[in-house]
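Position one of the sequence shown corresponds to residue 1224 (this note's numbering), numbered consecutively onward. Here's the structure, in structure tokens; my notes come after.
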Amino acid sequence: MVEKNLDLRSDTVTWPTPEMREAAYKAKLGDDVFGDDPTVNELERIAAEITGKEAGLFVTSGTMGNAVCVLAHTLRGDEIILEHRSHIYVNEVGGLAVMGQLMARTVPGELGWMRPEDVEKAIRADNIHYPRTSLVCVENTHNSAGGIALTPKQLQADWDVAKKHNLGVHMDGARVFNAAVALGVDAKELCKYADTVQICLSKGLSAPVGSVVVGSTDLIKKARKYRKMLGGGMRQAGIIAAPGIIAMTKMVDRLKDDHDNAKLLSEGLQKIGIKVVNQVQTNMVYIDFSPIGWKADDWNKACRKLGWRSQASGTGTRLCTHYGIEREDIKSFLEELGKLVK
Ligand SMILES: Cc1ncc(COP(=O)(O)O)c(C=O)c1O
């Protein structure tokens, strides 16, 4: 029996499965800063294997994972290229400027994808007046574009441009397994177009804490040192890495249910008269309820009344489907909501 978690705010709200709780309890532990925690080592090995990379590193969060990778690729004063609504640029507290003293060069994307010609235009020439461009960051799935899955072909196009100019490529793959499932490809097919990838364990994969980053042995060695510098060197971390192993090995296939539920939700909301503003490819539905004359407060109150959590502002919000929300829950939510809208 799946414990109900009727919260549409994000997939970060997921609770660990009973198996994860048990794995945490029984995890074999050691001091991970000494490299002695067998459970962390196993998680890092599995992450590298699944993504086709040489090495992995367990970090506290997606934000830390992106930070240590960006730092591993760059030198102070470099410029890095990011999609203009990317999480790293918009939502990570300007860490790249504070920690890396980096310049951000943003490129508007098409559904989250930066066209290779736009990436190429953004790369600085070798000129005494200019900062050095050293890194291109891509995001997959792209959160604010609507949970859009970038295809291997799209990723390869940006990778080819980056490599032509000797730049590194980092993928914020917080939800890269959602992308792989939606596209029906192996995660390796997506990860091969990035030198480093950050993968969140605590979103749709339902682990309570953490992310893994993967890449070459050399880049992960650098990232490990930055993790220590940022205070992310954890000791008996196997207790939180154990659920991460289950996340990576047992929770990927079920993401399809979340995607199907998001589609069901999207179709049902449109029947009620609510506008869906994104292409629903994965687990996110972005809505605008102004066509039914509702404001944020009306939406929030309606959800609360039906026993769901959702947090709107203005005339819309993002809804995320995840572990803890079943198809039947979506059906009854739509039915009850329909009655409130009438
Ligand atoms: C695309 C993307 N990248 C990175 C992160 C950061 O992850 P965390 O909240 O674990 O720091 C998020 C979080 O929502 C995200 O959506």
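Cβ atoms here follow ideal geometry from the backbone N, Cα and C, with glycine treated the same way.
Residues bridged to residue i by DSSP?
i	result
Gly1279	Val1437
Arg1550	Beta-bridge pairing links Arg1550 to no other residue.
Gly1539	Asp1511, Ser1536
Lys1217	For residue 1217 there is no data in the structure shown, the boundaries of the chain being 1224 and 1565.
Asp1395	Glu1362, Gln1421
Asp1230	Arg1532
Glu1333	Trp1336
Glu1302	Met1326, Thr1356
Specify, as a first and last residue, the run of the alpha helix (DSSP H) that residue i falls within.
i	result
Thr1262	1261-1274
Leu1373	No alpha helix (DSSP H) holds Leu1373; DSSP gives it neither H nor E.
Met1287	1285-1296
Thr1235	Premise fails: Thr1235 is in no alpha helix (DSSP H) and is neither H nor E.
Lys1248	According to the sequence displayed, residue 1248 carries Tyr and not Lys. Note, Tyr1248: alpha helix (DSSP H), 1241-1249.
Leu1319	1318-1323
Met1474	Met1474 -> no alpha helix (DSSP H), and no H or E assigned at all.
Lys1411	1410-1414
Give me the Cβ distance between residue i and residue j, rounded to the nearest whole Å; I'm assuming they're in contact under 8 Å.
i	j	result
Gln1324	Arg1299	4 Å
Pro1466	Ala1246	6 Å
Gln1421	Cys1292	6 Å
Ala1278	Ser1439	7 Å
Ala1485	Leu1428	Not a contact, Cβ separation roughly 16 Å.
Asp1234	Cys1543	5 Å
Val1361	Ala1417	7 Å
Asn1568	Gly1396	Since the first and last residues shown for the chain are 1224 and 1565, residue 1568 lies out of range.
Quick check on the DSSP output: the beta strand (DSSP E) that includes residue i runs from which residue to which?
i	result
Val1330	1326-1330
His1307	Unbroken run through His1307: none, as it is neither H nor E.
**Message:** As a quick check of your reading: which residues have a C-beta less than 5 Å from at least one non-hydrogen atom of ligand 1, in chain order?
**Reply:** Ser1284, Gly1285, Thr1286, His1310, Asn1366, Asp1395, Ala1397
**Message:** Count Cβ pairs between the stretch 1386-1405 and the stretch 1475-1495 that sit closer than 8 Å; are there 3 or more?
**Reply:** yes
**Asked** Using 8 Å as the threshold, is the stretch 1331-1345 in touch with the stretch 1282-1293, meaning 3 or more CB pairs across them?
**Response** no
**Request:** Evaluate contact between the stretch 1433-1443 and the stretch 1513-1520, counting only Cβ atoms and requiring at least three cross-stretch pairs below 8 Å.
**Result:** no
**Message:** Quick check: the stretch 1264-1280 against the stretch 1318-1334, are at least 3 beta-carbon pairs closer than 8 Å?
**Reply:** no
**Request:** Would you check if there are 3 or more beta carbon pairs closer than 8 Å linking the stretch 1247-1257 to the stretch 1374-1392?
**Result:** no
**Asked** Quick check: the stretch 1312-1323 against the stretch 1470-1477, are there 3 or more CB pairs under 8 Å?
**Response** no
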